[in-house]
Amino acid sequence: MDWLGPEEWQAVALSLKVAIWATLLNLPFALLVSHALARWSFPGKQLLNAIVHLPLFLPPVVTGYLLLITFGRRAPVGAWLEQTFGLVLAFRWTGAVLAAAIMGFPLMVRAIRLAIEAVDPKLEQAAATLGASRFWVFATITLPLILPGLIAGAVLGFAKAMGEFGATITFVANIPGQTQTLPSAVYSFLQVPGGEDAALRLVAISVALAMAALIASEILARRASKRINGT
């Protein structure tokens, strides 16, 4: 990638770093919430569903501002995290991970929940009647059957994290080399005369990464489906 300048390369590397971390951190929580929404009955279920999907309906800038007043260094949660764990989120790449994770979480939950709802509950009930625990039923019956949906959810979350702009720039700003991701770098280059070429190069990288993620997810999903169907 010699045709990329140092600042452009930093934006690409940081975007990949943020997207990978956001996806990995989201997966276990998305799996748990998806299973709860698809299979459990409990008070406040609809409220949980609304909260999970709220980032899809709020303007991203609003989400970023809510993160700032919650996790900023002077905000209650942000100050506690810094004093207790030394973790600073506002205006750091770690905050970009949090913003990307929150924006991608509803998409992951939606995909995984649909996959779980497609599994015949009778299969799970049959395993339970044979003495298998709930965890064992989930691990040996449900999880293998929802693997294509899990992959789809992970790819959706990764793609959203790579393209996240509004919440990220509001929460962590646009600091080159520290919090400047691909979308914010494209925005910055478009604001200066002669920056169109650099912006176009980053757009090309974004398209290439998105296509690679989609192709990889398709291949993995097909392999998972073949294993499930025994072909």
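Numbering (numbering that gives the first Met the number 0), first residue to last: 0 to 230. Backbone N, C-alpha and C fix where the C-beta goes; we use that ideal spot for every residue, glycine too. Every value quoted in this text rests on a predicted model; they were computed, and no experiment measured them.
Residue i: first and last residue of the uninterrupted alpha helix (DSSP H) it sits in
{"i": "Arg91", "result": "Premise fails: Arg91 is in no alpha helix (DSSP H) and is neither H nor E."}
{"i": "Thr69", "result": "Pro59 to Phe70"}
{"i": "Val76", "result": "Pro75 to Phe84"}
{"i": "Ile168", "result": "Gly165 to Val171"}
{"i": "Gly156", "result": "Leu146 to Gly162"}
{"i": "Phe188", "result": "Leu181 to Leu189"}
{"i": "Gln45", "result": "Lys44 to Phe56"}
Simplified DSSP assignment, three categories, for residue i
{"i": "Leu13", "result": "helix"}
{"i": "Leu124", "result": "This sequence places Gln at residue 124; Leu is not what is there. Reduced to three states, the DSSP call for Gln124 is helix."}
{"i": "Thr139", "result": "helix"}
{"i": "Thr178", "result": "coil"}
{"i": "Val118", "result": "coil"}
{"i": "Trp20", "result": "helix"}
{"i": "Trp39", "result": "coil"}
{"i": "Leu129", "result": "coil"}
{"i": "Trp8", "result": "helix"}
{"i": "Pro105", "result": "helix"}
{"i": "Phe27", "result": "With the sequence shown as reference, residue 27 is identified as Pro, and Phe is not the correct amino acid for it. The answer is helix: DSSP assigns Pro27 an H, G or I state."}
{"i": "Leu3", "result": "coil"}
Own chain, CB closer than 7 Å to residue i, minus 5 neighbours either side, in chain order
{"i": "Glu123", "result": "Val136, Ile140 and Thr141"}
{"i": "Ser224", "result": "Pro147"}
{"i": "Asn25", "result": "Ala100, Gly103, Phe104, Met107 and Gly156"}
{"i": "Ala220", "result": "Pro147, Ile150 and Ala151"}
{"i": "Val202", "result": "Val185"}
Contacting residues, own chain, Cβ-Cβ under 8 Å from residue i (five flanking each side not counted)
{"i": "Ile68", "result": "Ala74"}
{"i": "Asn48", "result": "Leu36"}
{"i": "Asp92", "result": "Here residue 92 is Trp; the residue named in the question, Asp, does not match the sequence. Here the set comprises Leu13, Lys16, Val17, Val171, Gln177 and Thr178."}
{"i": "Ala126", "result": "Trp135, Val136, Thr139 and Ile140"}
{"i": "Ile115", "result": "Ser33, His34, Ala37, Arg38, Thr141, Ile145 and Gly148"}
Chain-order list of residues whose beta-carbon lies under 6 Å from that of residue i (same chain, five-residue window excluded)
{"i": "Tyr64", "result": "Thr169"}
{"i": "Ile204", "result": "Val11"}
{"i": "Arg112", "result": "Ser33, Leu36 and Ala37"}
{"i": "Ala166", "result": "Pro59, Thr62, Gly63, Ala98 and Met102"}
{"i": "Phe188", "result": "Gly194, Ala197 and Ala198"}
Residue i versus the options, residue with shortest Cα-Cα distance
{"i": "Ala29", "options": "Leu88, Arg221, Val154 and Ala131", "result": "Val154"}
{"i": "Phe90", "options": "Ala158, Phe70, Val202 and Ile204", "result": "Phe70"}
{"i": "Ala172", "options": "Val206, Pro105, Lys225 and Leu66", "result": "Leu66"}
{"i": "Gln177", "options": "Val17, Trp2, Leu3 and Gly4", "result": "Val17"}
{"i": "Arg133", "options": "Glu195, Trp39, Gly162 and Ile150", "result": "Trp39"}
{"i": "Val118", "options": "Arg109, Leu3 and Pro143", "result": "Pro143"}
{"i": "Lys159", "options": "Ile174, Leu181 and Val76", "result": "Leu181"}
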